[in-house]
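These notes are about the structure you will find just below.
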Amino acid sequence: METILQSLMELAGVSAVLVFDSAGQLLGHRGHAVYDQALCQSVSGALAKALDAVQLQQEDWETVTASYADGKLVLRRVVAADQTNVLAVVADGSLNASFATVALRVAAGKLKRFLEGGPASSSAVNLGSSAAAAARPAPGPGGSQPGPGDSRPNLANSGLSWSKISNVGLSRVAVADPASGAFLTRCAKELAQYVGPIAKVYVEEGVRRVAPDAPFALAQGRALVEDLAAQIEDAGDRAKFQRALSK
Amino acid sequence: MADLASIARIPGVASAVLGDEAGGFHDAIREGDGESVASVTGFLAASLARAGEELGLGAVRRIAAAGEKRGFVIVKVGQAYVTARVEPASALGAVERALDASAGAGG
């Protein structure tokens with residue numbers, strides 16, 4: 001578990017990572033010195049109560065993000081062996097929410113396997129680190145991290161492969177014709193400029209939303225672009241994305 | 001005071017409830033049980049505020065929860081909380097931005 005938590009600590013802006021069960025019992029934590037076990041246990045209790053309330057509002061919640069004046073808390077549900085656990089990330093304002101979402105999703109998968117004691121837990125060391133590395137914005141030329149408002153990742157070191165992206169529409173998504181498949185590829189490439197490697201997943205999820213009952217066709221292209229645009233935080237980037245796909 | 005009618009018109013907002021920090025109910029649009037929503041929101045916000053204080057994160061500004069198909073956003077507007085149910089979940093980001101703008105404009 002330590003390696004999984006450490007992989008999240010490597011994200012820019014993250015100051016602590018906690019894992020606790022539905023009763024608020026701390027199962028593991030990692031963080032800067034100030035986040036000691038007593039503090040993390042106390043926080044876990046408060047968060048468990050908060051999540052009880054979330055459960056009342058929405059039983060099928062997967063993530064909760066709380067934005068504060070001086071930082072963020074991102075919580076992700078991890079159900080393992082029929083037990084609900086929570087992976088929590090404490091971060092300052094520089095956290096890139098898009099990348100954190102990707103890293104949390106990957107880490108939650110690893111944590112689930114770890115908590116279930118499955119064979120994947122032994123490989124969590126490398127997979128956890130590489131997932132965070134892929135999700136983490138690459139340093140700029142001067143070695144500094146992109147600013148908090150910069151939603152555009154540096155793809156050079158992100159592990160993103162266009163050959164993988166080009167399979168969008170052909171593997172897990174049904175398309176009406178080759179032109180529709182080509183459009184999905186364009187969507188994934190354009191979106192990846194702003195959200196990184198998770199773009200392929202977003203496109204697949206978007207297609208399922210706009211074309212739930214039939215193969216995706218170009219007629220649903222506008223709806224898909226609007227759906228995908230919602231994944232881009234920066235308004236300017238969002239407009240660029242929409243313009244690029246309106247051509 | 002938040003303009004609940006304007007918030008309810010934001011695309012993707014299925015319902016909106018106005019409550020206060022103590023969980024009191026003030027108003028609702030397209031929500032059949034606004035009192036329950038307001039009370040749960042009050043408790044949720046208080047619990048997250050307590051966690052935030054312990055972690056040195058300051059005051060709660062916004063809370064968003066997402067599931068596969070839907071979610072909800074809670075925004076603090078003055079001393080009040082607006083809870084907006086959002087569907088589909090993909091609209092959460094846009095609704096959060098719209099609510100922030102609404103809160104920034106004084107609600």
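From first to last, the protein sequence lines are chains X and F. Here the working numbering is used: the first residue of the first sequence is 1, the next is one more, and so on. Here the working numbering is used: the first residue of the second sequence is 1, the next is one more, and so on. From the three backbone atoms N, C-alpha and C, an ideal C-beta is built for every residue, glycine too.
Of the listed residues the options, nearest to residue i (C-alpha basis)
i                 : options                                 : result
Ala23 of chain X  : X:Asn85, X:Ser7 and X:Ala188            : X:Asn85
Leu57 of chain F  : X:Ala91, X:Gly221, X:Leu115 and X:Thr65 : X:Ala91
Glu116 of chain X : X:Leu87, X:Gly45 and X:Asp82            : X:Asp82
Arg48 of chain X  : X:Asp21, X:Ser98, X:Val106 and X:Leu39  : Residue identity check: residue 48 of chain X is Ala in the sequence provided, not Arg. The shortest C-alpha separation from Ala48 of chain X is found at X:Asp21.
Ala69 of chain X  : F:Lys69, F:Val17 and F:Gly52            : F:Gly52
Nonlocal neighbours in the same chain, by C-beta distance under 6 Å from residue i, ignoring five residues either side
i                 : result
Leu224 of chain X : Gly206 and Val210
Trp61 of chain X  : Val54
Ser121 of chain X : Summary for Ser121 of chain X: the model assigns pLDDT 40, below 50, so the residue's position carries little reliability; its value from the coordinates is reported in the next sentence. Counting only Cβ-Cβ distances below 6 Å, and skipping sequence neighbours, we find Arg113 and Phe114.
Asp52 of chain X  : none
7 Å Cβ shell around residue i - same chain, five flanking residues per side excluded
i                 : result
Ala64 of chain F  : Gly71, Val73, Leu92 and Glu96
Ile232 of chain X : Ser151, Tyr194, Val195, Arg238 and Phe241
Ala133 of chain X : Model confidence at Ala133 of chain X stands at a pLDDT of 42, short of 50, so the residue's coordinates are unreliable; what they give is reported in the following sentence. Within the same chain, Ala133 of chain X has no close Cβ partners at all.
Gln41 of chain X  : Leu26
Contact set for residue i: own chain, Cβ-Cβ below 8 Å, skip 5 residues either direction
i                 : result
Ala235 of chain X : none
Asp227 of chain X : Gly206, Arg209 and Val210
Ala179 of chain X : Leu218
Ala108 of chain F : What is shown of chain F runs 1 to 107, which leaves residue 108 of chain F out entirely.
Ser6 of chain F   : Ser102
Local Cβ density within 10 Å of residue i, reported as buried at 16 or more and exposed below that
i                 : result
His32 of chain X  : exposed
Gly32 of chain F  : exposed
Val34 of chain X  : exposed
Arg85 of chain F  : buried
Trp162 of chain X : Since pLDDT at Trp162 of chain X reaches only 34, below the 50 mark, its modelled position is unreliable, and no value is offered.
Gln220 of chain X : buried
Lys200 of chain X : buried
Ser246 of chain X : exposed
Gly181 of chain X : buried
Arg9 of chain F   : exposed
Glu68 of chain F  : exposed
Gly78 of chain F  : exposed
Arg30 of chain F  : exposed
Beta-bridge pairing of residue i - partner residues as DSSP gives them
i                 : result
Thr84 of chain X  : X:Val79
Asp21 of chain X  : X:Asn85
Thr65 of chain X  : X:Val74 and F:Ala64
Phe25 of chain F  : F:Gly19
Gly31 of chain X  : X:Ala16
Thr83 of chain F  : F:Val17 and F:Ile74
Phe216 of chain X : X:Val175
Ala2 of chain F   : Answer is none; Ala2 of chain F lacks a bridge partner.
Leu26 of chain X  : X:Phe20
Val90 of chain X  : X:Ala16 and X:Leu73
Given a limit of 7 Å on CB to CB distance, which residues of the region 11–35 of chain F reach chain X? none
Interface positions of the region 63–87 of chain X facing chain F (Cβ-Cβ less than 8 Å), listed along the chain: Thr63, Val64, Thr65, Ala66, Ser67, Tyr68, Ala69, Asp70, Gly71, Lys72 and Leu73
If the cut-off is 7 Å on Cβ atoms, which residues from the region 29–44 of chain X count as contacting chain F, listed in chain order? Leu39, Ser42 and Val43
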